[in-house]
Amino acid sequence: MAQQIVTWRHLVAVVFFASAAAGQFLSCFPDSAQDVSQSNSFDFTGVDEFGLKLFRELVPPSSSGSNLLMSPYSIWSALGLALMGAQGNTKLQLEKVLKLPNNKLQAFRTKYAMDFMMRVSGSGASGGPELRAMDRAYFDNGLSLRPCVSNVIQSVEIVDFGDTAKATAKINDDVSQATGGQIKDFLSPAALVNAVFVLINAIYFKGTWETKFNAQDTTKQVFYNALGERAATVDMMTLTGQFKIVNSPPLGATMLELPYDKSNITMLVLLPDSKNPSVDGVLQNLTPYTLREAMRASQKLSVKIMLPKFDLTTEIQNELVLALGNLGITDMFNPVRANFSDFTSETPLFADTAVHQAKVAVDEEGTVAAAATAIIGTRSRPGRVFDFIVNRPFIFLIYEHNVRAIIFAGVIRNPSK
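Quick note, the sequence shown lines up with residues -23 to -1, 1 to 394 if you use mature numbering (1 follows the signal peptide of the UniProt record, and there is no 0).
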């Protein structure tokens, strides 16, 4: 039975979607030419809408005490790659959940425009953050692919999945290179048994803080759980300076922006209000609208920040398939209903497995991450210093402001885990 294993890996960086010229894409899928707008404006709002819904689906319950890290943008981009080969109801489900136009050329232009803008944002120019990504499709050498596949997907590899050891080594080497060596041994040979089609998305981000924490000010402090009980002793970083901050009743949290140097990328730290310290309520309130309204209402004030250092790796497999199914993407994982006939018409393909692994490290210098998937602000009195002490569960988002997209999203319930 044919299998398609869709894999995602990340390190803080942007997704690089293998590009094709619009003319080539149009010639491959001429039906998409009908009613295509020539506008150069693009609506990227669906990326965060999809990402935050998926984030809520994947976050484990508070009772587990578990952390989570994922890349909403990376998973969106990888599913966009799958969309390029989909037809029928498989295509319709992907378009609806990803919030992409129901015309492949328009969907392609939207995805390519976002990927291009993200690459520019993370070019590393002038000492700014480095953001790299790789989208790559691996097809078995026994498949008869449509001639246009290599036009639509610039990076296509033909491999012998019958030699699982060699195929695994090739894929793992590509992922390791794309993530700066942060993600190694991504797949095991057992994962590729019976595979004929693998989609890989690898993403890497490295950024230094605009204002760095002083390591000499880092001290051991207690971190509490949502019940106010001692959960761990952590390395707590401390910094006082001017930062954008807002208390948002609609979110049920105070949000602080920590900018990365020479970029439009920031880390948004959402600390639940002390009256309801669980992150669950904030997650339910977190939408693209409430998030953007909070950012609009934020003010640059004097803030004393205490933020724990953390190093987190999360791997999501079966949970990702279930979460995508809850959002409405089901057919691509069904061997009978899946339709990837724009890749090949001879061999039915379906996504048997989805793997998403993400890694992030936050310290005094900045962040390294990887994976291979109405606000009311209060104005302070002059001279007042606000305390922002992150010693209980919190949410963090690594956010690109030009395209308004969440690159990484995480929940930290215990920084020592």
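Even for Gly, the Cβ is constructed at its ideal location relative to N, Cα and C.
In this text, all values refer to a predicted model and were calculated from it rather than measured experimentally.
Exercise. Starting from I177, trace the beta strand (DSSP E) both ways and give me its first and last residue.
Key: Here residue 177 corresponds to residue number 200 of the sequence shown, with the count starting at 1. For I177, the enclosing beta strand (DSSP E) begins and ends at 172 to 185.
Quiz item: What is the rounded straight-line gap between the Cα of N316 and the Cα of R113?
Solution: Within the sequence shown, residue 316 is the residue found at index 339, counting from 1. Within the sequence shown, residue 113 is the residue found at index 136, counting from 1. In a straight line, the C-alpha of N316 is about 20 Å away from that of R113.
Quiz item: Sorted by chain position, which residues of the same chain lie with C-beta nearer than 6 Å to D288's C-beta, five sequence neighbours on each side aside?
Solution: Along the sequence shown, one-based indexing puts residue 288 at 311. Cβ within range, chain order: A338.
Quiz prompt | Secondary structure, beta strand (DSSP E): runs of 3+ residues fully inside the region 243 to 321 | solution = Counting whole runs of 3 or more residues, the region 243 to 321 contains the beta strand (DSSP E) stretches 276 to 285, 287 to 293.
Quiz prompt | Option nearest N191 by Cα separation, candidates F174, M213, E72, N171 | solution = The residue given as residue 191 occupies position 214 in the sequence shown. Among F174, M213, E72, N171, the Cα nearest to that of N191 is on M213.
Self-check item: P49 - DSSP class collapsed to helix/strand/coil
Solution: As a first step, residue 49 must be located in the sequence shown, where it is residue number 72. Per DSSP, reduced to three states, the secondary structure at P49 is helical.
Practice problem: Compare the beta carbon distance of S153 and K161 with 8 Å and say whether it is the shorter of the two. | Solution: Numbered from 1 along the sequence shown, position 176 holds the residue referred to as residue 153. Numbered from 1 along the sequence shown, position 184 holds the residue referred to as residue 161. Cβ atoms of S153 and K161: closer than 8 Å.
Exercise. Name the residue from S43, N128, V313, P226 whose alpha carbon lies nearest to the alpha carbon of K252.
Key: The sequence position of residue 252 within the sequence shown is 275, counting from 1. Closest by alpha carbon: P226.
Practice problem: Tell me whether the beta-carbon of R33 lies closer than 8 Å to the beta-carbon of L260. | Solution: On the sequence shown, position 56 is the one that residue 33 refers to. On the sequence shown, position 283 is the one that residue 260 refers to. Between R33 and L260, the CB-CB gap stays under 8 Å.
Quiz item: Can you name the start and end residues of the beta strand (DSSP E) that T196 belongs to?
Solution: In the sequence shown, the residue the question calls residue 196 occupies position 219. For T196, the enclosing beta strand (DSSP E) covers residues 196 to 201.
Self-check item: Inter-residue spacing [alpha-carbon to alpha-carbon] between Q64 and L29
Solution: Looking up residue 64 in the sequence shown gives position 87. Looking up residue 29 in the sequence shown gives position 52. Rounded to the nearest angstrom, the two C-alpha atoms are 26 Å apart.
Quiz item: Can you tell which of M61, G205, M283 has its C-alpha closest to the C-alpha of T321?
Solution: Here the question's residue 321 lines up with position 344 in the sequence shown. Scanning M61, G205, M283 for the CA closest to the CA of T321 turns up M61.
Quiz item: Between the region 293 to 311 and the region 375 to 388, are three or more C-beta pairs nearer than 8 Å?
Solution: These segments do not touch.
Self-check item: Neighbourhood of S255 by C-beta distance below 8 Å, restricted to the same chain and skipping five residues each side
Solution: Counting from 1 along the sequence shown, the entry for residue 255 is found at position 278. Leaving aside the five residues that flank S255 on each side, the residues in its chain whose CB is nearer than 8 Å to its CB run, in chain order, S39, A203, P249, P370.
Quiz prompt | Closest Cα partner of G23 within the set L71, N44, N178, S43 | solution = For this step, residue 23 is matched to residue 46 along the sequence shown. Checking every option, the nearest Cα to that of G23 belongs to L71.
Self-check item: Chain-order list of residues whose beta-carbon lies under 8 Å from that of Q219 (same chain, five-residue window excluded)
Solution: Within the sequence shown, numbered from 1, the residue matching residue 219 stands at position 242. Excluding residues within five positions, the ones whose Cβ falls inside 8 Å are K277, L278, S279, V280.
Quiz item: What does A55 pair with, by DSSP beta-bridge criteria?
Solution: For the purposes of this step, residue 55 is identified with residue 78 of the sequence shown, where counting begins at 1. Answer by DSSP bridge pairing: none, since A55 is not bridged.
Quiz prompt | Rounded C-alpha distance that separates N224 from D151 | solution = One-based indexing of the sequence shown puts residue 224 at position 247. One-based indexing of the sequence shown puts residue 151 at position 174. Rounded to the nearest angstrom, the two C-alpha atoms are 43 Å apart.
Quiz item: From N44 to T344, what does the alpha carbon distance come to, in whole angstroms?
Solution: As a position in the sequence shown, residue 44 is number 67, starting the count at 1. As a position in the sequence shown, residue 344 is number 367, starting the count at 1. Cα to Cα, the separation comes out at about 17 Å.
Self-check item: Counted within 10 angstroms of its Cβ, other Cβ atoms place K197 as buried (16 or more) or exposed
Solution: Counting from one through the sequence shown, the residue named residue 197 turns up at place 220. K197 counts as exposed, since fewer than 16 other C-beta atoms from the protein chains shown sit within 10 angstroms of its C-beta.
Quiz item: Just to confirm, are L46 and T291 a CB contact at a threshold of 8 Å?
Solution: Numbered from its first residue, the sequence shown carries residue 46 at position 69. Numbered from its first residue, the sequence shown carries residue 291 at position 314. In this structure, L46 sits near T291, with a CB-CB distance shorter than 8 Å.
Quiz item: If you follow the beta strand (DSSP E) that F32 is part of, which residue opens it and which one closes it?
Solution: Residue 32 sits at position 55 when you count from the first residue of the sequence shown. Per DSSP, F32 lies in no beta strand (DSSP E) segment; the continuous alpha helix (DSSP H) that holds it begins and ends at 22 to 35.
Quiz prompt | Option nearest L326 by Cα separation, candidates V332, F174, L263 | solution = Looking up residue 326 in the sequence shown gives position 349. Of the listed residues, the one whose Cα sits closest to L326 is F174.
Practice problem: Go to E72, then tell me how far its alpha helix (DSSP H) extends in each direction, as first and last residue. | Solution: As a first step, residue 72 is located in the sequence shown; it is residue number 95 there, counting from the start. In this chain, the alpha helix (DSSP H) harbouring E72 covers 65 to 75.
Quiz item: In or out: G305 buried (at least 16 other Cβ within 10 Å) or exposed?
Solution: Along the sequence shown, read from residue 1 onward, the residue named residue 305 stands at position 328. Counting Cβ neighbours within 10 Å, G305 comes out exposed, since fewer than 16 surround it.
Exercise. Compare the beta carbon distance of V362 and V36 with 8 Å and say whether it is the shorter of the two.
Key: Stepping through the sequence shown from its first residue, residue 362 is reached at position 385. Stepping through the sequence shown from its first residue, residue 36 is reached at position 59. For V362 and V36, no; Cβs fall outside 8 Å.
Quiz item: Grouping DSSP H, G and I as helix and E and B as strand, with all else coil, what is R361?
Solution: Stepping through the sequence shown from its first residue, residue 361 is reached at position 384. If DSSP states are grouped into helix, strand and coil, R361 belongs with coil.
Quiz item: In whole angstroms, what is the alpha-carbon distance linking L176 and V199?
Solution: Counting from one through the sequence shown, the residue named residue 176 turns up at place 199. Counting from one through the sequence shown, the residue named residue 199 turns up at place 222. Their backbone Cα atoms lie some 42 Å apart in a straight line.
Quiz prompt | Nearest residue (CA-CA) to P106, options L263, A382, W186, E323 | solution = Within the sequence shown, the letter at position 129 stands for residue 106. Minimum Cα distance to P106 is reached at W186.
Quiz item: How far does the beta strand (DSSP E) with Q219 in it reach, from first residue to last?
Solution: For the purposes of this step, residue 219 is identified with residue 242 of the sequence shown, where counting begins at 1. Here the beta strand (DSSP E) through Q219 covers 207 to 225.
Exercise. For V170, count neighbouring C-beta atoms within 10 Å of its own C-beta (all shown protein chains included) and say buried if the count is 16 or more, exposed if not.
Key: Taking the first residue of the sequence shown as position 1, residue 170 is located at position 193. By the 10 Å Cβ count, V170 comes out exposed.
Exercise. Look at T141 and P124 and say whether their C-beta atoms are less than 8 Å apart.
Key: Position 164 of the sequence shown, counted from the start, is the residue given in the question as residue 141. Position 147 of the sequence shown, counted from the start, is the residue given in the question as residue 124. Going by C-beta atoms, T141 is not nearer than 8 Å to P124.
Quiz item: Does S240 have its Cβ less than 8 Å from a Cβ in chain B?
Solution: Annotation note: the requested chain B is absent from the structure, which comprises a single protein chain.
Self-check item: Which of helix, strand or coil DSSP assigns to T87
Solution: Position 110 of the sequence shown, counted from the first residue, corresponds to residue 87. The answer is helix: DSSP assigns T87 an H, G or I state.
Quiz prompt | DSSP state of N379 mapped onto helix, strand, coil | solution = As a working mapping, residue 379 is identified with position 402 in the sequence shown. Of the three classes helix, strand and coil, the one that applies to N379 here is coil, per DSSP.
Quiz item: Can you tell me the Cα-Cα spacing of L216 and V129, whole angstroms?
Solution: Here residue 216 refers to the residue found at position 239 when the sequence shown is read from its first residue. Here residue 129 refers to the residue found at position 152 when the sequence shown is read from its first residue. When rounded, the distance between both Cα atoms is 48 Å.
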